[in-house]
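Step one of this worksheet: look at the structure below.
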Amino acid sequence: MIAVTKWEDDLISEKRYNEEKEEDIKLDRFVEFWRKEIAPMTLRHSTQVTYNDLIDRIILPNLGHIYLSKITPTMVQKMINEQAEKGLSKRTVKYPLQVLSSIFSHAIRLGKIRDNPCARVVLPNTEQQKKIELENKKLPKLFNKEDLRIMINAVKDEQLKYQTIFFLALSGGLRRGEILGLKIDDVKDKGVMINEAKNISSERFVTLDDATMKLLRLQKAEIVKISSSLEHNEGWLFIQANGRKMGKGTPRQWLIRLIKQINKKGHDIPVLPIHALRHTNATIMVASGIDIKTASQRLGHSNTTMTMEIYAHMLKEKEESAASALDDYLHEL
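Mapping of the sequence shown onto this note's numbering: position 166 corresponds to residue 166, and the numbering continues sequentially without gaps.
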């Protein structure tokens, strides 16, 4: 890095820029000056590129419109906290603070401000970041009760294979890969055996309701009927025209098409992937009072902790409902 003290002193006397009052200079204008007159003299080109990315992406959108003398440690702290809440590493969160602090240091040398507001900013600690990240974790995308009512009614007019896939995901909570991995022999009397699973713990038997079992038997019978004429007879329950296993993108494309067709009739169902049916299934189980261990086993999770993390919002609501019910009961005594 180049020593710039004398050079900056010369700027003070030579640049009319310095004659402006502190309160008349906003951060974005000073950054413009910094980019043109200071950065090229003090930073390598690669460092300038990195700094400029952080400036344009984080610093200016948050603070660029504010006068230099009006930027407070609280404002900078808020900006840094927002970065931490995104679940970024402590190092990544610290970087824009370092860049901004460097810019403010030059502003101090040029007489624009007296103090560096970055000096009083505290970086969120790692444990707090993890807690914030967990609290702000996106909730699973779900279909609500009215969405399901409309979709179930529309699914009745779809091809048998799609009806079956729909209810395996909704009623059985099966993953897309598990559904497409089903073979004819996996269909049992009261459910399906999951053999082509995501992991060892996902291998399981899933008991199904009568309506879904009826669809499964019909789908199985249809495949058995045409199996001898297939180019590739590999025993898959859901197939392409040549007998190969149905492609992974097919169920997703079908469901999105179905939802868009429904919405053309004036409805407003969210356009979600087929995995949302699995999330909906899990949420219904939790809301219905099914214990977490049973729900975890049906979903094929490796442990109950995974289930609790994914559906923590529902479990919290159930806990609050339980507390409310207990309170009502005790007050009636």
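From the three backbone atoms N, C-alpha and C, an ideal C-beta is built for every residue, glycine too.
Source: prediction; values computed, not measured.
Is residue i helix, strand or coil by DSSP?
i    : result
K225 : helix
R44  : coil
M193 : strand
I239 : strand
K245 : strand
R204 : strand
K183 : strand
K94  : helix
K26  : strand
So, under 8 Å CB-CB, residue i and residue j are touching, yes? Tell me the CB distance rounded to an integer number of Å.
i    : j    : result
Q159 : L215 : In fact, because the Cβ distance is near 11 Å, the residues do not count as touching under 8 Å.
Q219 : L230 : At roughly 15 Å, the Cβ-Cβ gap does not stay under 8 Å, so Q219 and L230 are not in contact.
T307 : I292 : 6 Å
L299 : A287 : Contact doesn't hold; Cβ gap of about 15 Å is too wide.
M75  : L63  : 6 Å
L255 : I284 : Actually they do not touch by this definition, with Cβ atoms about 18 Å apart.
P251 : I165 : 5 Å
K26  : Y51  : Rounded, the Cβ-Cβ distance is 19 Å, inconsistent with contact.
In its own chain, which residues sit with a C-beta less than 6 Å from the C-beta of residue i, not counting the 5 before and 5 after it?
i    : result
D147 : I269
L272 : K141
S227 : N233
N242 : E231, H232
Pick out whichever of the options has its Cα sitting closest to the Cα of residue i.
i    : options                : result
L180 : M246, E222, K145       : M246
R57  : M79, L142, N263        : M79
E203 : S302, L60, I165        : S302
N125 : F104, I103, L88, L142  : L88
L174 : D185, M193, T42, T50   : M193
I184 : H267, V93, I239        : I239
R217 : P251, A241, L182, A107 : L182
T294 : A241, V206, R244, L258 : V206
V122 : H65, H267, K94         : K94
N195 : S105, G177, R244       : G177
D28  : L43, Q83, I103         : I103
V155 : R244, Q261, T50, G235  : Q261
D209 : I223, K188, F143, Y67  : K188
S101 : R120, R91, A84         : R120
Could you name the residues of the same chain whose beta carbon sits closer than 7 Å to that of residue i, not counting the 5 residues immediately before and after it, in chain order?
i    : result
I55  : V31, V99
T212 : F167, L168, S171, G172
W34  : I103, H106
Taking 7 Å as the cut-off, is the CB of residue i close to at least one heavy atom of the ligand COA?
i   : result
D56 : Although the ligand COA was asked about, the structure shown includes no ligands whatsoever.
Could you check whether the segment 277-292 touches the segment 163-181, counting it as contact only if at least three pairs of C-beta atoms, one from each stretch, sit closer than 8 Å?
yes
With contact counted as at least three CB pairs below 8 Å, one residue from each stretch, are the segment 112-122 and the segment 148-156 in contact?
At 8 Å Cβ cutoff, the stretches do not touch.
Count the CB pairs spanning the segment 100-114 and the segment 66-80 that are closer than 8 Å, and state whether there are at least three.
Yes, they touch.
Do the segment 32-46 and the segment 75-94 make contact, defined as three or more Cβ pairs closer than 8 Å?
no
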